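Each residue of the sequence shown is one higher than the one before, starting from 190 at the first, in the working numbering. We put the beta carbon where it would ideally sit given N, CA and C, even for glycine. The structure displayed is predicted, hence computed values, not measured ones.
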Amino acid sequence: MDMKPSEMSSSKMFGGYNKRYKHYSPTLGCSMTFHIYFPPSTPNKFPILYFLSGLTCTDENFIAKSGAQRIASSVGIALVVPDTSPSISQIVVKTQYDDQEENDHTNSPLTTNCLPSFIVQAIQEEKSTHVFVLCSDMFSYIICAVAGGLNIEGEADSWDFGVGAGFYLNATQEKWKNWRMYDYVVKELPQLLRENFPQLETSHASISGHSMGGHGALMIYLKNLDKYKSVSAFSPIVNPVNCPWGQKAFSNYLGEDKAAWEEYDATHLVSKFNNVSATILIDQGEDDKFLKEQLLPHKFEEACRQVNAPLLLRIQPGYDHSYYFIASFIDDHIRHHAQALSLM
Numbered sequence: 190m191d192m193k194p195s196e197m198s199s200s201k202m203f204g205g206y207n208k209r210y211k212h213y214s215p216t217l218g219c220s221m222t223f224h225i226y227f228p229p230s231t232p233n234k235f236p237i238l239y240f241l242s243g244l245t246c247t248d249e250n251f252i253a254k255s256g257a258q259r260i261a262s263s264v265g266i267a268l269v270v271p272d273t274s275p276s277i278s279q280i281v282v283k284t285q286y287d288d289q290e291e292n293d294h295t296n297s298p299l300t301t302n303c304l305p306s307f308i309v310q311a312i313q314e315e316k317s318t319h320v321f322v323l324c325s326d327m328f329s330y331i332i333c334a335v336a337g338g339l340n341i342e343g344e345a346d347s348w349d350f351g352v353g354a355g356f357y358l359n360a361t362q363e364k365w366k367n368w369r370m371y372d373y374v375v376k377e378l379p380q381l382l383r384e385n386f387p388q389l390e391t392s393h394a395s396i397s398g399h400s401m402g403g404h405g406a407l408m409i410y411l412k413n414l415d416k417y418k419s420v421s422a423f424s425p426i427v428n429p430v431n432c433p434w435g436q437k438a439f440s441n442y443l444g445e446d447k448a449a450w451e452e453y454d455a456t457h458l459v460s461k462f463n464n465v466s467a468t469i470l471i472d473q474g475e476d477d478k479f480l481k482e483q484l485l486p487h488k489f490e491e492a493c494r495q496v497n498a499p500l501l502l503r504i505q506p507g508y509d510h511s512y513y514f515i516a517s518f519i520d521d522h523i524r525h526h527a528q529a530l531s532l533m
């Protein structure tokens with residue numbers, strides 16, 4: 190199996206290029222995809238901003254919807270966007286409404302005779318890990334995940350666990366042993382970039398994310414303060430041990446040892462690693478329907494206050510959980526990281 194990344198697509202944008210790659214991951218035991226946005230070429234290497242996406246997303250959502258490339262092109266930051274879990278082993282339908290992640294979803298097996306011939310051909314040739322098909326309802330998409338992954342029973346039974354819901358941790362339960370997204374993001378992917386993309390300055394990196402990915406960004410940053418210059422998040426799950434999404438994921442991936450859960454919980458980690466010096470930026474929509482039950486930003490705010498960790502938590506009136514919200518404030522986040530990376 191070829192662990193060297195192969196280019197799947199390339200599109201010019203704001204003078205640079207969105208490029209999608211596929212490679213075999215020994216950490217996860219399956220093929221994975223990721224995106225890189227390369228700004229216009231310069232004599233210098235590009236520092237990196239990793240962006241971790243949320244539940245039901247792939248490496249495509251942020252690249253297609255955020256508009257981050259405009260400001261990234263201007264300041265000279267490369268955007269690296271991994272997938273959110275090991276790749277799927279069957280074709281599955283996931284219906285997504287109102288252009289938001291984490292809404293009411295339906296999942297069901299899909300046979301290839303239900304699909305147009307060009308999609309069947311793409312699946313058979315393994316040209317893409319995910320195929321997006323616009324439904325008759327203009328606000329929904331069918332996500333057809335390509336066969337060839339791990340074939341774990343129950344991996345696609347629900348939208349908030351398994352495929353598209355890796356939670357950026359290393360699972361300890363045998364059934365989910367391939368779910369090692371923490372090691373993939375922190376160890377394997379940076380090494381892959383270092384060995385294959387000489388135009389990237391992999392030692393000069395920051396990290397950001399949305400929702401589940403915001404949880405991942407905060408948690409990974411706090412556990413690796415020597416690896417990342419800064420962190421930011423949109424609508425992050427900051428206290429997963431105390432919310433339904435986190436409890437469902439952690440109990441399945443990590444078992445019932447609550448001490449193990451806390452090792453992946455930003456609210457607990459900021460108290461444990463109380464030497465944070467760079468300001469943490471969080472934007473949270475005030476009209477986010479997940480705010481009170483799932484996201485709990487004020488839990489993290491209080492934990493930061495107790496250890497004097499610098500936090501800028503901005504509650505944005507009228508905004509929800511969608512990429513419309515992310516696109517509205519992404520420039521502020523890119524500038525936050527550009528300053529930490531000495532680009533501004």
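- Remark: C-beta atoms of A394 and Y357 do not approach each other more closely than 7 Å.
- Take the alpha-carbon of A422 and the one of I471: they are about 5 Å apart.
- With a 10 Å radius around the Cβ and a threshold of 16 neighbouring Cβ atoms, G353 comes out buried.
- Between the segment 474 to 482 and the segment 510 to 519 there are three or more inter-stretch CB-CB distances shorter than 8 Å, so the stretches are counted as touching.
- Remark: C-beta atoms of F479 and T456 do not approach each other more closely than 7 Å.
- The continuous alpha helix (DSSP H) containing Y513 extends over residues Y512 to A529.
- Exclusion of the five residues before and after K234 leaves Q388, L389 and E390 as the residues of its chain whose Cβ lies within less than 7 Å of its Cβ.
- When the five nearest sequence neighbours on each side are left out, the beta carbons in the same chain lying within less than 6 Å of the beta carbon of Y453 are those of L358 and M408, in order along the chain.
- If you draw a straight line from the Cα of E482 to the Cα of K437, it comes to about 14 Å.
- Distance check between P271 and each of G343, N367 and G402 places G402 closest, using alpha-carbon atoms only.
- Around the Cβ of G444, a 10 Å sphere holds fewer than 16 other Cβ atoms; the residue is exposed.
- In the structure shown, Q505 adopts extended strand secondary structure according to DSSP, grouped into three states.
- For P271, the three-state secondary structure derived from DSSP is strand.
- For C493, the uninterrupted alpha helix (DSSP H) run begins and ends at P486 to V496, by DSSP.
- Restricting attention to alpha helix (DSSP H) runs no shorter than 4 residues, the segment 199 to 279 encloses them at 250 to 254 and 257 to 264, ordered along the chain.
- Taken atom to atom, the span from the alpha-carbon of F240 to that of R383 is near 17 Å.
- Of the residues S200, I523, F203 and P215, the one whose Cα lies closest to the Cα of Q380 is P215.
- T222 is not a Cβ neighbour of K208, given a cutoff of 7 Å.
- Taking a C-beta distance under 7 Å as the contact criterion, G218 and N367 qualify as a contact pair.
- Our two residues, M192 and S220, have alpha carbons roughly 9 Å apart in a direct line.
- Residue environment analysis places P506 among the exposed positions, since fewer than 16 neighbouring C-beta atoms fall within 10 angstroms of its C-beta.
- Taking C-beta separations shorter than 6 Å and ignoring five residues to either side along the sequence, the partners of D349 in its chain run L244 and W434, following chain order.
- Put simply, the backbone Cα of P486 is about 39 Å away from that of S195.
- Minimum Cα-Cα distance from K364 among the listed residues E342, V374 and S347 corresponds to E342.
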